[in-house]
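K.L.:
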Amino acid sequence: MSDEDVLRHWSTVAAAWESYRDRLFTDVHSVSDWLVDQVDPQPGQTVLELAAGPGETGFLAAARLGPAGRLISSDLVPAMVEAARRGAAERGLDNVECRVLDAQHIDLPDSSVDGVFSRFGLMLVPDQKRAIAEMRRVLRPGGRCAYATWGLPQHNPWIFNVVAALLQNGVAPPGDPFAPGGLFSLATPESNNALATAGGFSDVTVDELTGTMRFDDPDDYWTHITAVAGPVAELVDSLDAEQVEAIRGTLDPSLAPFGQDGALEIPWTATVTSMA
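So the sequence shown is residues 2 to 277, counted in my numbering.
(1) Among Leu140, Ser20, Pro110 and Leu252, which one has its Cα closest to the Cα of Gln169?
(2) Measure the CB-CB distance between Leu210 and Ala147 and report whether it falls below 8 Å.
(3) According to DSSP, is Ala69 part of a helix, a strand, or is it coil?
(4) Start and end of the beta strand (DSSP E) containing Ser112?
(5) Let me make sure I understand the geometry here. Which of Asp34, Asn193, Met81 and Ile248 has the alpha-carbon closest to that of Leu8?
(6) Using a Cβ-Cβ cutoff of less than 7 Å, which residues in the same chain neighbour Gly152 once the five nearest sequence positions on both sides are dropped?
(7) In the structure shown, what three-state DSSP assignment does Thr150 receive?
(8) Along the chain, where does the alpha helix (DSSP H) that runs through Thr13 open and close?
(9) Which one or two residues does DSSP pair with Ala271 in a beta bridge?
(10) Identify which residue in Ala277, Gly56, Pro158 and Thr47 has its Cα closest to the Cα of Leu72.
(11) Specify the secondary structure class of Arg131 as computed by DSSP and reduced to three states.
(12) Within 10 angstroms of its Cβ, does Glu235 collect 16 or more other Cβ (buried), or is it exposed?
(13) DSSP puts His106 in a beta bridge; with which residues?
(14) My understanding is that Gly200 touches Ile133, with C-beta atoms under 8 Å, so please give their C-beta distance in whole angstroms.
(15) Using CA atoms only, rank isn't needed, just tell me which of Val97, Val207, Pro232 and Thr27 is closest to Asp177.
(16) Can the beta-carbon of Ala84 be found closer than 8 Å to that of Pro55?
(17) For Asp204, which option in Met214, Asn193, Ser186 and Thr213 has the closest C-alpha, if you only look at C-alpha atoms?
(18) Tell me whether Glu266 is buried or exposed, calling it buried when 16 or more other Cβ atoms sit within 10 Å of its Cβ.
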């Protein structure tokens with residue numbers, strides 16, 4: 002998937018990400034907590050978040066940095082950066098700088114930040130080796146980087162089931178999900194350990210976190226996922242009503258096993274990597 006594809010897919014859903022930001026953050030709050038704990042921001046430090054989206058994870062770090070510190074909240078998509086800027090202003094976070102940055106070409110000096118983190122962004126970068134090298138370049142000695150990616154598709158039915166329903170109805174999402182830039186391109190501990198080590202990091206820890214996403218019913222699930230999942234959202238927008246009805250006819254029964262107390266509790270698995 003090219004840089005242009007990534008920018009287009011996620012620009013399309015930026016408004017939805019801002020609208021759903023609380024829900025998107027809450028569903029995987031434990032991942033955000035893990036990332037910030039690994040980087041361990043200290044008062045007065047400068048910390049960089051890549052692929053920040055509306056910025057919710059970074060705001061946790063900003064609270065730890067204090068007024069003398071600085072969080073650089075960045076994203077490739079200008080509309081996401083604007084959403085993060087509004088979010089920081091709403092929270093009265095004066096120590097947050099929101100910038101458009103490409104993880105493959107980080108426009109910051111060498112050794113200029115004390116920590117770097119990214120939640121569910123690195124797997125979407127076409128040149129992941131370059132991004133890891135850039136993270137290491139801007140990191141000061143003694144600093145730490147951490148990032149989260151989605152685990153294997155069979156452990157992430159929150160997205161796997163809708164993609165399977167699309168495929169079963171002859172509708173294929175664009176790109177290879179296992180190739181660089183694809184949603185599952187960094188799904189395994191082995192692939193992340195190899196990437197971090199090849200990028201020059203020696204102290205590498207890779208783990209898995211699990212949880213669930215809660216939806217009111219299949220309609221709520223469909224509305225949410227097709228609004229925020231970049232390539233899927235763009236694809237679904239191109240379908241006619243008959244195609245959507247057929248896909249829903251395949252999808253909705255597949256969600257039945259996740260019924261819990263009148264709602265849906267759909268599992269997710271994240272692969273999380275910390276390195277120095």
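The C-beta atom is built at its ideal place from N, Cα and C for all residues, glycine as well.
P.N.:
The short version:
(1) The count along the sequence shown starts at 1 and reaches residue 169 at position 168. The candidate whose alpha carbon is nearest that of Gln169 is Leu252.
(2) Locating residue 210 in the sequence shown gives position 209, where the first residue counts as 1. Locating residue 147 in the sequence shown gives position 146, where the first residue counts as 1. In this structure, Ala147 does not lie closer than 8 Å to Leu210 by Cβ.
(3) Reading the sequence shown from its first residue, position 68 is the one you call residue 69. Here Ala69 sits in coil by DSSP.
(4) Position 111 of the sequence shown, counted from the start, is the residue given in the question as residue 112. Ser112 -> no beta strand (DSSP E), and no H or E assigned at all.
(5) Stepping through the sequence shown from its first residue, residue 8 is reached at position 7. Nearest option by C-alpha distance: Met81.
(6) As a working mapping, residue 152 is identified with position 151 in the sequence shown. Excluding positions up to five away in sequence, the list reads Ala188, Glu209, Thr270, Ala271 and Thr272.
(7) Position 149 of the sequence shown, counted from the start, is the residue given in the question as residue 150. The answer is strand: DSSP assigns Thr150 an E or B state.
(8) Counted from its first residue, the sequence shown places residue 13 at position 12. Per DSSP, Thr13 belongs to the alpha helix (DSSP H) from Asp4 to Thr13.
(9) For the purposes of this step, residue 271 is identified with residue 270 of the sequence shown, where counting begins at 1. Residue pairing by DSSP places Ala271 opposite Trp151 and Leu210 in a beta bridge.
(10) Position 71 of the sequence shown, counting from 1, holds the residue named residue 72. Measuring from the Cα of Leu72, the nearest candidate turns out to be Thr47.
(11) If you number the sequence shown from 1, residue 131 lands on position 130. In this structure, Arg131 counts as helix in the three-state DSSP scheme.
(12) Taking the sequence shown and counting its residues from 1, one reaches residue 235 at position 234. Buried, because 16 or more other Cβ atoms sit within 10 Å of the Cβ of Glu235.
(13) Counting from 1 along the sequence shown, the entry for residue 106 is found at position 105. In the DSSP output, where bridge partners are listed per residue, His106 has Asp103.
(14) Translated into the one-based positions of the sequence shown, residue 200 becomes position 199. Translated into the one-based positions of the sequence shown, residue 133 becomes position 132. With 8 Å as the limit, Gly200 and Ile133 qualify as a contact, their Cβ atoms being about 3 Å apart.
(15) Position 176 of the sequence shown holds residue 177. Comparing Cα positions, the closest option is Pro232.
(16) In the sequence shown, counting from the first residue as 1, residue 84 sits at position 83. In the sequence shown, counting from the first residue as 1, residue 55 sits at position 54. Result yes, Cβ atoms of Ala84 and Pro55 sit closer than 8 Å.
(17) The residue you call residue 204 lines up with position 203 of the sequence shown. Nearest of Met214, Asn193, Ser186 and Thr213 to Asp204, Cα basis: Asn193.
(18) In the sequence shown, counting from the first residue as 1, residue 266 sits at position 265. Under the 10 Å beta carbon count, Glu266 is surrounded by fewer than 16 other beta carbons and is classified as exposed.
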